[in-house]
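**Student:**
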Amino acid sequence: MQKTKKIIVSGGGTGGHIFPAISIANALKTKDPSIEILFVGAIGKMEMEKVPAAGYKIVGLPISGFQRKFSLSNLSFFYKLFISLRKAKKIIAEFKPDAVVGVGGFASGPLLRVATNKHIPSLIQEQNSYPGVTNKILANKVDKICVAYDGMEKWFPQNKIIKTGNPVRQDLLKHICKRDEAFQYFELQGNHKTVMVVGGSLGALTINESISLNLDKIIENKLQVIWQTGKSYYEKAKEEVRKTGYKGIKVVPFISRMDFAYSISDIIISRAGASTISELCLIKKPAILVPSPNVAEDHQTKNAMALVNNSAAMMITDAEARTLLVNEMITLLNDPYKKAIYIENIAKMAIIDSADIIANEILKLIENKK
422 MQKTKKIIVS GGGTGGHIFP AISIANALKT KDPSIEILFV GAIGKMEMEK
472 VPAAGYKIVG LPISGFQRKF SLSNLSFFYK LFISLRKAKK IIAEFKPDAV
522 VGVGGFASGP LLRVATNKHI PSLIQEQNSY PGVTNKILAN KVDKICVAYD
572 GMEKWFPQNK IIKTGNPVRQ DLLKHICKRD EAFQYFELQG NHKTVMVVGG
622 SLGALTINES ISLNLDKIIE NKLQVIWQTG KSYYEKAKEE VRKTGYKGIK
672 VVPFISRMDF AYSISDIIIS RAGASTISEL CLIKKPAILV PSPNVAEDHQ
722 TKNAMALVNN SAAMMITDAE ARTLLVNEMI TLLNDPYKKA IYIENIAKMA
772 IIDSADIIAN EILKLIENKK
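Take the numbering used here: the last position of the sequence shown gets the number 791, and nothing is skipped along the way.
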């Protein structure tokens, strides 16, 4: 009788780590429903809520990040790391995984350190064009490294790298063609140019203020906007739009039907998180990227530049956005030639079925260990 395969998926901290991790787990379960999957995350981080909601069991480690600037929180870092390593050993001893997967984030460090020391087949998935500290430290110990961008041999051993792309939400393309239904859903008109503005699930103050400060230009050009503000800016934005009396701006704290929003958007304004960029490549839409300056190693700028260098998107810095963003948005909307170039080039960067490819690599590692 064949033994049930057991796999640990570790990491998290942000949606950019968690949603690809869940996509990989789903792909594994599709290939073999008997596979047992355990997630390991960081206590207090969003994976502790999102993973159970997706139907998987998760165990938390008391790990946190190390601040590069002097911070009193660094005094507890090494104690938390010691406790997390000890707990990781216990988790692995009890669960007895056949393979361990790390998606980046605090929790993947202790778990993969213990797993690789025990010669358990291991794989990391790096979403960004500039790798996180945890993955750079682990690179020499793991068996396989799945990446989304070219040129990653600058940081990782070339013989371990496989370009798989980033897993994205599996239902994203399902309704992408239902434009009539999407316009009806957002209560917008099908004969107007439409822009989607997003700043991540929590919103982005700079992008929100860039729209607020230039509502008159949006109205003057009769543009439609689906504006995801995040919770904290929602009431302010809703009131500002209400005062104008203009019906073409749909203000929402969070877009739950992202497939509909993508389907009717002529261009997209967004931060430059790895998952977002992977989605933009798949849906083949012109984009203006405003990288967040508040992320480690400025990796959103590096993600955006990977597209800009391929003439696949436009980038505006966070510092310039309040004065330039809406003007550039209007110019791009009225430039069919540039839009066509962006669409053609961003489509070339798409990798379909990333989660499926990564799942196959994990299963191969297990088979090769036998």
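For every residue, glycine included, the Cβ atom is placed at its ideal position computed from N, Cα and C.
1) Which residues does DSSP list as the beta-bridge partners of residue 671?
2) Is residue 754 helix, strand or coil by DSSP?
3) If you measure between the beta carbons of residue 638 and residue 568, is that distance less than 7 angstroms?
4) Is the separation between the beta-carbon of residue 644 and that of residue 614 shorter than 7 angstroms?
5) Candidates 606, 696, 642, 784: which alpha carbon is nearest residue 620's?
6) Give the single residue among 540, 692, 441 whose Cα lies nearest to the Cα of residue 774.
7) Going by Cα to Cα distance, which pick from 514, 713, 558, 515 is closest to residue 523?
8) For residue 431, report the span of its beta strand (DSSP E) as first-last.
9) Under 8 angstroms by Cβ, that's how I've got residue 509 and residue 544 pegged, so tell me the actual separation to the nearest angstrom.
10) Going by C-alpha distance, which of 428, 627, 759, 470 is nearest residue 453?
11) Is the segment 525-536 touching the segment 501-508 in the sense that three or more CB pairs, one from each, lie closer than 8 angstroms?
12) Report back the beta-carbon spacing between residue 628 and residue 711 to the nearest angstrom; my notes put them in contact at under 8 angstroms.
13) When DSSP builds the beta bridges, which residues end up paired with residue 586?
14) Can you give the Cα-Cα distance for residue 470 and residue 570, rounded to whole angstroms?
15) Using the beta-carbon count (16 or more within 10 Å), is residue 549 buried or exposed?
16) Taking the alpha-carbon positions, what's the residue 500 to residue 463 distance?
17) By how many angstroms is the C-alpha of residue 779 removed from the C-alpha of residue 683?
18) Kindly indicate which three-state DSSP category residue 472 falls into: helix, strand or coil?
19) Please classify residue 580 as buried or exposed, where buried requires at least 16 other C-beta atoms within 10 Å of its C-beta.
20) Do you know offhand how far residue 738's Cα is from residue 754's?
21) Going by DSSP in three states, residue 691 sits in which element: helix, strand or coil?
22) Find the nearest neighbour of residue 730 within the set 763, 602, 668, judged by alpha-carbon distance.
23) What does DSSP give as the partner residue(s) for residue 784 in the beta ladder?
24) Taking the straight line between their C-alpha atoms, what separation do you get for residue 701 and residue 668?
25) Alpha carbon to alpha carbon, how far is residue 718 from residue 424?
26) In this structure, what does DSSP give as the bridge partners for residue 546?
27) Between which two residues does the alpha helix (DSSP H) containing residue 521 stretch?
28) What's the C-alpha gap between residue 516 and residue 699?
29) Around the C-beta of residue 364, are 16 or more other C-beta atoms found within 10 angstroms, so that it is buried, or is it exposed?
30) How is the alpha helix (DSSP H) around residue 530 delimited, first residue to last?
31) Going by beta carbon distance, what residues of the same chain come within less than 6 angstroms of residue 693, once the five residues before and after it are set aside?
32) Report the rounded CA-to-CA distance for residue 676 versus residue 649, giving the unit in angstroms.
33) What residue range does the beta strand (DSSP E) around residue 457 cover?
34) In three-state terms, what does DSSP make of residue 708?
35) Buried or exposed: residue 460, going by 16 or more other Cβ atoms within 10 Å of its Cβ?
**Tutor:** According to the structure data:
1) Taking the sequence shown and counting its residues from 1, one reaches residue 671 at position 250. DSSP lists 647 as partners of residue 671.
2) Translated into the one-based positions of the sequence shown, residue 754 becomes position 333. In the structure shown, residue 754 sits in a helix (DSSP, three-state: H, G or I).
3) Numbered from 1 along the sequence shown, position 217 holds the residue referred to as residue 638. Numbered from 1 along the sequence shown, position 147 holds the residue referred to as residue 568. In this structure, residue 568 does not lie closer than 7 angstroms to residue 638 by Cβ.
4) Within the sequence shown, residue 644 is the residue found at index 223, counting from 1. Within the sequence shown, residue 614 is the residue found at index 193, counting from 1. Going by C-beta atoms, residue 644 is nearer than 7 angstroms to residue 614.
5) Here residue 620 corresponds to residue number 199 of the sequence shown, with the count starting at 1. Per the Cα distances, 696.
6) Within the sequence shown, residue 774 is the residue found at index 353, counting from 1. When C-alpha distances from residue 774 are compared across 540, 692, 441, the shortest belongs to 441.
7) Your numbering for residue 523 matches position 102 in the sequence shown. When each option's Cα is compared against that of residue 523, the closest is 558.
8) Numbered from its first residue, the sequence shown carries residue 431 at position 10. Element bounds for residue 431: 427-431.
9) For this step, residue 509 is matched to residue 88 along the sequence shown. For this step, residue 544 is matched to residue 123 along the sequence shown. Contact between residue 509 and residue 544 is ruled out by a C-beta separation of about 17 angstroms, above the 8 angstroms threshold.
10) Sequence index remark: in the sequence shown, residue 453 carries index 32 (1-based). A check of alpha carbon separations from residue 453 across 428, 627, 759, 470 identifies 428 as the nearest.
11) Contact holds: three or more Cβ-Cβ distances are below 8 angstroms.
12) Reading the sequence shown from its first residue, position 207 is the one you call residue 628. Reading the sequence shown from its first residue, position 290 is the one you call residue 711. Contact between residue 628 and residue 711 holds: CB atoms are separated by about 6 angstroms, below the 8 angstroms threshold.
13) Translated into positions along the sequence shown, residue 586 becomes position 165. Note: residue 586 sits in no beta bridge, so no partner.
14) Counting from one through the sequence shown, the residue named residue 470 turns up at place 49. Counting from one through the sequence shown, the residue named residue 570 turns up at place 149. Near 29 angstroms, if we compare the C-alpha coordinates of residue 570 and residue 470.
15) What you label residue 549 is simply residue 128 of the sequence shown in a count that begins at 1. Residue 549 is buried by the Cβ-count criterion.
16) Your numbering for residue 500 matches position 79 in the sequence shown. Your numbering for residue 463 matches position 42 in the sequence shown. Straight through space, the alpha carbons of residue 463 and residue 500 are spaced by roughly 15 angstroms.
17) As a first step, residue 683 must be located in the sequence shown, where it is residue number 262. As a first step, residue 779 must be located in the sequence shown, where it is residue number 358. Spanning the two alpha carbons is a distance of roughly 26 angstroms.
18) Your numbering for residue 472 matches position 51 in the sequence shown. Three-state result, residue 472: helix.
19) For this step, residue 580 is matched to residue 159 along the sequence shown. By the 10 Å Cβ count, residue 580 comes out exposed.
20) Locating residue 738 in the sequence shown gives position 317, where the first residue counts as 1. Locating residue 754 in the sequence shown gives position 333, where the first residue counts as 1. So the two alpha carbons sit approximately 19 angstroms from each other.
21) One-based indexing of the sequence shown puts residue 691 at position 270. In the displayed model, residue 691 falls within a strand according to three-state DSSP.
22) As a working mapping, residue 730 is identified with position 309 in the sequence shown. The option with the nearest alpha carbon to residue 730 is 763.
23) Walking along the sequence shown from the start, residue 784 turns up at place 363. The partner list for residue 784 (beta bridge, DSSP) is empty, contrary to what the question assumes.
24) Taking the sequence shown and counting its residues from 1, the one referred to as residue 701 is at position 280. Taking the sequence shown and counting its residues from 1, the one referred to as residue 668 is at position 247. Approximately 27 angstroms, taken between the alpha carbons.
25) Stepping through the sequence shown from its first residue, residue 718 is reached at position 297. Stepping through the sequence shown from its first residue, residue 424 is reached at position 3. So the two alpha carbons sit approximately 42 angstroms from each other.
26) If you number the sequence shown from 1, residue 546 lands on position 125. Residue 546 is bridged to 567.
27) Numbered from 1 along the sequence shown, position 100 holds the residue referred to as residue 521. Residue 521: not part of any alpha helix (DSSP H); member of the beta strand (DSSP E) spanning 520-523, first to last residue.
28) Here the question's residue 516 lines up with position 95 in the sequence shown. Here the question's residue 699 lines up with position 278 in the sequence shown. Counting only the Cα atoms, residue 699 lies some 33 angstroms from residue 516.
29) Since the first and last residues shown for the chain are 422 and 791, residue 364 lies out of range.
30) Residue mapping note: residue 530 aligns to position 109 of the sequence shown, counting from 1. Element bounds for residue 530: 529-538.
31) Here the question's residue 693 lines up with position 272 in the sequence shown. Excluding residues within five positions, the ones whose Cβ falls inside 6 angstroms are 710, 712, 721, 724, 725.
32) What you label residue 676 is simply residue 255 of the sequence shown in a count that begins at 1. What you label residue 649 is simply residue 228 of the sequence shown in a count that begins at 1. Linking residue 676 to residue 649 through their CA atoms gives a straight-line distance of about 6 angstroms.
33) Working through the sequence shown from its first residue, we reach residue 457 at position 36. From DSSP, the beta strand (DSSP E) with residue 457 extends over 457-463.
34) The residue given as residue 708 occupies position 287 in the sequence shown. Strand at residue 708.
35) Start at 1 with the first residue of the sequence shown, and residue 460 comes out as number 39. Its Cβ being crowded by 16 or more others within 10 Å, residue 460 is buried.
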